Each structure stands twice: as structure tokens, then as C-alpha cells.
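Shown next, in C-alpha cells, is the structure this report addresses.
Residue numbers (my numbering): 21 to 148.
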């Protein structure tokens, strides 16, 4: 959902957190790069997370096939983060990169939560 506020464009999640549209485009570009680097990714979504007064984005990778366990999933995420560092990609918006196994979302800060389906799809493999 996109809304206008004082002639600036914002993207809103269903839960009401705000991401500036310009930042959303940068995040979509990052999602496209991640998907290009790991062909197992079927979809990447964003879940805004307001923490301590700043908006952070949780980028959630859905792999196909899914990782067998959380250790494998975090290893795949570590590979993507290493590739980002190698390529010199930097994001102004703070983000965490996580993954799903079934309906559970795993984030690197130790958070595990059930995926409610309330997310912004940034990238989806054709035919998925």
C-alpha cells in the first residue's frame, strides 16, 4: 500500500509501519541482487519493524527447497551477507536478513515468529 504524506511517498505495511518509497526501491534492488546470487530463493519479502524510534526492515528469504534446519538457513544467509560485503553493497535503511522454514521466520537476532503473510513482496521467482 502506498500513501502520500506532505508530497513525499511512503510505503505502508498492513501493520502500519512506514518505509519511504525511495528506500523501498533500494531494498527491492538489494532483493533482486540476493536472488541473483542464490538461485534457491523463490521469494523475498519485507516486514517493517519499528524498534527504538527507527524503522528497521526484516528481509525474509523463502528458499526452494527450504533449509533442513535453522543452522543450514543461517549458513545460507551468512553466504549472502558475505557476498554483499564482497560486492560493496551498503544500505542506509537498517535491516536484518532472515529466512523461513514452513510458517516460521528466523532472524539473526534470535527472533523466531510465525509468518502471518503480512509482508511486502520485493522479489518473486517467475512461476512461484
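A virtual CB, placed ideally from N, CA and C, is assigned to each residue, including glycine.
If you're wondering where the values come from, they're calculated on a predicted model, not measured in any experiment.
When C-beta atoms of the segment 48 to 57 are compared with those of the segment 124 to 132, fewer than three pairs fall below 8 Å, so the two segments do not count as touching. Taken through DSSP and simplified to helix, strand or coil, residue 43 comes out as helix. Comparing alpha-carbon positions, the option among 82, 119 and 59 lying closest to residue 91 turns out to be 119. In this chain, the beta strand (DSSP E) harbouring residue 116 covers 115 to 121. Between the alpha carbons of residue 138 and residue 108 lies a gap of roughly 30 Å.
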